[in-house]
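Novice:
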Amino acid sequence: ERAKYDGVSFLAFSEELASAMFGRYELLKELREAILNDGIEAYFQPKMNLKDNTLVGFEALARWRSKDGTFIPPDQFIPLAESSGLIDKLDQQMVRESCKAINALKKRGISVPISVNVAGSEIIRPDYFDEFNALLAEEDIPYEMIELEITESQFIEEKSYINTHLSALQALGVGINIDDFGTGYSSLAYLSTLSVSTIKIDHSFVWRMEESDKDWKILKMIVELGNSLGFNVIAEGIETEQQKCHLLSLGCDYGQGYLLARPMSLKKVLDWL
Ligand code: C2E
Ligand code: MG
Ligand code: MG
Ligand code: MG
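Position in the sequence shown (from 1) plus 447 gives the number in UniProt numbering.
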């Protein structure tokens, strides 16, 4: 209940508010513990060539199983990690796990790059570059084997800073993916100036393309533009054979989605291969 006192409004302390705050605090405490003790696991989702069903890479996705055994979805803990300064540590761990996975795959004769998601706030940190380098050196991984995924909206926010740092990384051979393409501000002009190798079309277009003529046309335009600018174009969230056929007919050669393969632990990946 709100009470007015000297013209200032106060929110009376309620039990619901207390438990919401306590819940968040508890979750944050557990998350911190998990991140500091390597309790976040990397799962890997295959990226496929849609034309011949061959493997072209993996994306590393963070998985957190809390103390009581339940999985907490990234959409809940990633924002929490971002707002509490824990995201750097988490993402470093994902790079480390990915480097280990690259070497495990190499032993099986498979050599495809793994992409990791990074927050825009990280890339612009002055230390990012050195830390990234050190992580790759630990496992002796060449730059071409690790790619970075950064969402379109984060690209725009700190555009010039992010791009300076990304172009340095790209010059070394690190592939840069624009994630969730089509959901940010999608200024087409920036595509010519950003250091990018891959466009990942957001799943929302894939899911709506069959019902919405407009989404179909936007998707078609993104694929054509991406292809003609020389980017790799990957569609996210492919769940049906029909979506896959449509994408192929539009000239989209690469995809990710439950139809093709789910995100898996490294152990499962080695079985799946
Ligand atoms: P994203 O990078 O766009 O990842 C794609 C998401 O779509 C993943 O969700 C993946 O599991 C899911 N997905 C893939 N194929 C399908 C499909 O066919 N159908 C459906 N319904 N979903 C599919 P996830 O793992 O829950 O991750 C959500 C988001 O959290 C990611 O979106 C990414 O932005 C963020 N995230 C995940 N792991 C990390 C991480 O290690 N670091 C950072 N900074 N962000 C991460
Ligand atoms: Mg991603
Ligand atoms: Mg995405
Ligand atoms: Mg996403």
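Glycine included, each C-beta is placed from N, C-alpha and C at the ideal position.
In this text the structure is predicted, and so the values were computed from the model without any measurement.
Give me the residue from Ala507, Asp535, Asp522, Glu506 with the minimum Cα distance to Leu483.
Specialist: Locating residue 483 in the sequence shown gives position 36, counting from the first residue. Nearest of Ala507, Asp535, Asp522, Glu506 to Leu483, Cα basis: Asp535.
Novice: Return yes when at least one heavy atom of ligand 1 lies under 6 Å from the C-beta of Tyr705, else no.
Specialist: Taking the first residue of the sequence shown as position 1, residue 705 is located at position 258. At least one heavy atom of ligand 1 is nearer than 6 Å to the Cβ of Tyr705, so yes.
Novice: Give me the Cα-Cα distance between Glu683 and Glu604, rounded to the nearest whole angstrom.
Specialist: One-based indexing of the sequence shown puts residue 683 at position 236. One-based indexing of the sequence shown puts residue 604 at position 157. One C-alpha to the other measures close to 23 Å.
Novice: Figure out for me which residue from Arg512, Leu638, Arg555 has the closest Cα to the Cα of residue 425.
Specialist: Residue 425 cannot be examined here, being either before or after the span of the chain that is shown, 448 to 720.
Novice: At the 7 Å Cβ level, is Glu585 part of the contact set with chain D, yes or no?
Specialist: Looking at the structure shown, chain D is missing, and only one protein chain is on hand.
Novice: Check each residue's C-beta against every heavy atom of ligand 2 and list, in chain order, those closer than 5 Å.
Specialist: In chain order, the hits are Asn564, Glu596, Asp626.
Novice: Considering only residues of the same chain and omitting the five flanking positions on each side of Ser545, which have a CB-CB separation below 7 Å?
Specialist: Looking up residue 545 in the sequence shown gives position 98. Taken in chain order, the residues that qualify are Ala489, Ala507, Ile561, Val563, Ile593.
Novice: Check whether the Cβ atoms of Ser600 and Ile623 sit closer than 7 Å, and answer yes or no.
Specialist: One-based indexing of the sequence shown puts residue 600 at position 153. One-based indexing of the sequence shown puts residue 623 at position 176. No, the pair does not count as a contact, with Cβ atoms beyond the cut-off.
Novice: Is the distance from the Cβ of Val565 to the Cβ of Asp538 below 7 Å?
Specialist: Sequence index remark: in the sequence shown, residue 565 carries index 118 (1-based). Sequence index remark: in the sequence shown, residue 538 carries index 91 (1-based). Contact: yes.
Novice: Suppose you measure from the CA of Leu717 to the CA of Lys547; what does that come to, to the nearest Å?
Specialist: Position 270 of the sequence shown, counted from the start, is the residue given in the question as residue 717. Position 100 of the sequence shown, counted from the start, is the residue given in the question as residue 547. Each residue's Cα considered, the two are about 13 Å apart.
Novice: In angstroms with no decimal places, state the Cα-to-Cα distance between Gly702 and Met668.
Specialist: Looking up residue 702 in the sequence shown gives position 255. Looking up residue 668 in the sequence shown gives position 221. When rounded, the distance between both Cα atoms is 17 Å.
Novice: Span of the alpha helix (DSSP H) holding Asp535?
Specialist: Within the sequence shown, the letter at position 88 stands for residue 535. Looking at the DSSP string, the run of the alpha helix (DSSP H) that includes Asp535 is 534-554.
Novice: Please indicate yes or no: does the CB of Glu658 lie closer than 6 Å to some heavy atom of ligand 3?
Specialist: Here residue 658 refers to the residue found at position 211 when the sequence shown is read from its first residue. No.
Novice: Under DSSP, the beta strand (DSSP E) around Gln492 begins and ends at which residues?
Specialist: Position 45 of the sequence shown holds residue 492. Looking at the DSSP string, the run of the beta strand (DSSP E) that includes Gln492 is 487-496.
Novice: Are Met656 and Leu666 closer than 7 Å when you measure CB to CB?
Specialist: Your numbering for residue 656 matches position 209 in the sequence shown. Your numbering for residue 666 matches position 219 in the sequence shown. It is a contact, given that the beta carbons lie within the stated cut-off.
Novice: So, under 8 Å CB-CB, Glu480 and Ser513 are touching, yes? Tell me the CB distance rounded to an integer number of Å.
Specialist: Here the question's residue 480 lines up with position 33 in the sequence shown. Here the question's residue 513 lines up with position 66 in the sequence shown. About 10 Å; that fails the 8 Å criterion.
Novice: Specify the secondary structure class of Val716 as computed by DSSP and reduced to three states.
Specialist: Here the question's residue 716 lines up with position 269 in the sequence shown. Helix.
Novice: Quick check on Arg655: does DSSP put it in helix, strand or coil?
Specialist: Locating residue 655 in the sequence shown gives position 208, where the first residue counts as 1. Correct three-state label for Arg655: helix.
Novice: Please classify Asn610 as buried or exposed, where buried requires at least 16 other C-beta atoms within 10 Å of its C-beta.
Specialist: Residue numbering aside, residue 610 sits at position 163 when the sequence shown is read from its first letter. So Asn610 ends up on the buried side.
Novice: Is the closest heavy atom of ligand 1 to the C-beta of Leu483 under 6 Å?
Specialist: Counting from 1 along the sequence shown, the entry for residue 483 is found at position 36. Not so, every heavy atom of ligand 1 lies at least 6 Å from the Cβ.
Novice: Any chance you could list the alpha helix (DSSP H) runs of at least 4 consecutive residues sitting entirely within the segment 667-718, in chain order?
Specialist: Correct list: 688-696.
Novice: Straight-line CA distance for Gly631 to Thr645?
Specialist: Along the sequence shown, read from residue 1 onward, the residue named residue 631 stands at position 184. Along the sequence shown, read from residue 1 onward, the residue named residue 645 stands at position 198. Cα-Cα distance, rounded: 16 Å.
Novice: Return helix, strand or coil for Ala509, following the three-state DSSP convention.
Specialist: By one-based count along the sequence shown, residue 509 stands at place 62. The answer is strand: DSSP assigns Ala509 an E or B state.
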